[in-house]
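A.B. asks:
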Ligand SMILES: CC(C)(COP(=O)(O)OP(=O)(O)OC[C@H]1O[C@@H](n2cnc3c(N)ncnc32)[C@H](O)[C@@H]1OP(=O)(O)O)[C@@H](O)C(=O)NCCC(=O)NCCS
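Numbering (our numbering), first residue to last: 1212 to 1373.
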């Protein structure tokens, strides 16, 4: 009985994922207007940035992936890197009304594929991120582990305001 339930749950998940990924209006691009970036940050309640900062930040992103519903940007994710070892994953955002439909997964899959493609044989890169509260499980699905743990201390950060 338990086995039957497990099979039925897995089957249900496959069907559910297939249906939710059938949203064929969604396309992916790598450009984002300053005002759309501002809109994304505002909608998820993150700190407002100056136009100057946004322009520099977007220009210096190593990779930027934007999900579009027709002409409307509905999700984004980007990375910053030193080009050798360190990669920082930032601004993973899906508009609330599009969340839980597989767009975050697609953004992450595309970013992680891009990172993987740039690693040479026998090399390692360190990919890090600062998870928002409650989003740790989402990132665990893509291989990230929480800190502190038995081997590593806490990730640390500070905001500097003038
Ligand atoms: C985090 C976020 C990007 C996820 O995007 P999403 O489009 O809803 O995610 P998906 O629908 O693609 O979900 C992918 C998987 O992660 C799971 N997941 C999504 N959000 C989750 C959460 N908060 N906790 C645990 N699992 C989560 C889904 O259930 C799904 O699992 P499955 O594929 O195994 O069935 C989105 O919730 C968001 O933009 N939040 C606001 C901004 C934010 O906090 N971003 C993170 C900054 S660190």
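All C-beta atoms in this analysis are idealised placements derived from N, C-alpha and C, irrespective of residue type, glycine included. Note that the structure is predicted; figures quoted are calculated from it, not measured.
(1) Under 8 Å, with one C-beta from each stretch per pair, do the stretch 1359–1373 and the stretch 1323–1334 reach the 3-pair mark?
(2) Just how far apart, CA to CA, sit residue 1363 and residue 1349?
(3) Please report the distance separating the alpha-carbon of residue 1237 from that of residue 1279.
(4) Tell me which same chain residues have a C-beta within less than 6 Å of the C-beta of residue 1340, skipping the five on either side of it?
(5) I need the boundaries of the alpha helix (DSSP H) containing residue 1248, first residue and last residue.
(6) What does the Cβ neighbour count give for residue 1251, buried or exposed, with the cut at 16 atoms within 10 Å?
(7) Between residue 1239 and residue 1276, which are expected to be in contact by the criterion C-beta below 8 Å, what is the C-beta distance as a whole number of angstroms?
(8) Secondary structure at residue 1325, three-state DSSP: helix, strand or coil?
(9) Measuring alpha carbon to alpha carbon, tell me which residue in 1263, 1284, 1255 is nearest residue 1241.
(10) Using a strict less-than 7 Å threshold between each residue's beta carbon and the heavy atoms of ligand 1, what residues do you get?
(11) So, helix, strand or coil for residue 1279, using DSSP?
(12) Would you give the residue range spanned by the alpha helix (DSSP H) that residue 1349 belongs to?
(13) Could you check what DSSP says for residue 1335 in three-state terms: helix, strand or coil?
(14) Starting from residue 1306, trace the alpha helix (DSSP H) both ways and give me its first and last residue.
C.D. replies: Working from what's here:
(1) The stretch 1359–1373 vs the stretch 1323–1334: no contact.
(2) Rounded to whole angstroms, residue 1363 to residue 1349 spans 20 Å at the Cα level.
(3) For residue 1237 and residue 1279, the distance between alpha carbons rounds to 5 Å.
(4) For residue 1340, where only same-chain residues beyond five positions count, the Cβ hits under 6 Å are 1300.
(5) Note, residue 1248: alpha helix (DSSP H), 1245–1254.
(6) The residue is buried, with at least 16 neighbouring Cβ atoms inside 10 Å.
(7) Rounded, the Cβ-Cβ distance is 6 Å, consistent with contact.
(8) The answer is helix: DSSP assigns residue 1325 an H, G or I state.
(9) Ranked by Cα distance from residue 1241, the options 1263, 1284, 1255 are led by 1284.
(10) Sorted by position in the chain, 1224, 1228, 1255, 1286, 1303, 1304, 1305, 1309, 1310, 1311, 1312, 1313, 1314, 1315, 1316, 1317, 1340, 1341, 1342, 1343, 1345, 1346, 1348, 1349, 1352 make up the residues whose C-beta lies under 7 Å from a heavy atom of ligand 1.
(11) Residue 1279 falls in the strand class under three-state DSSP.
(12) Residue 1349 -> alpha helix (DSSP H) spans 1347–1351.
(13) The answer is coil: DSSP assigns residue 1335 none of H, G, I, E or B.
(14) No alpha helix (DSSP H) holds residue 1306; DSSP gives it neither H nor E.
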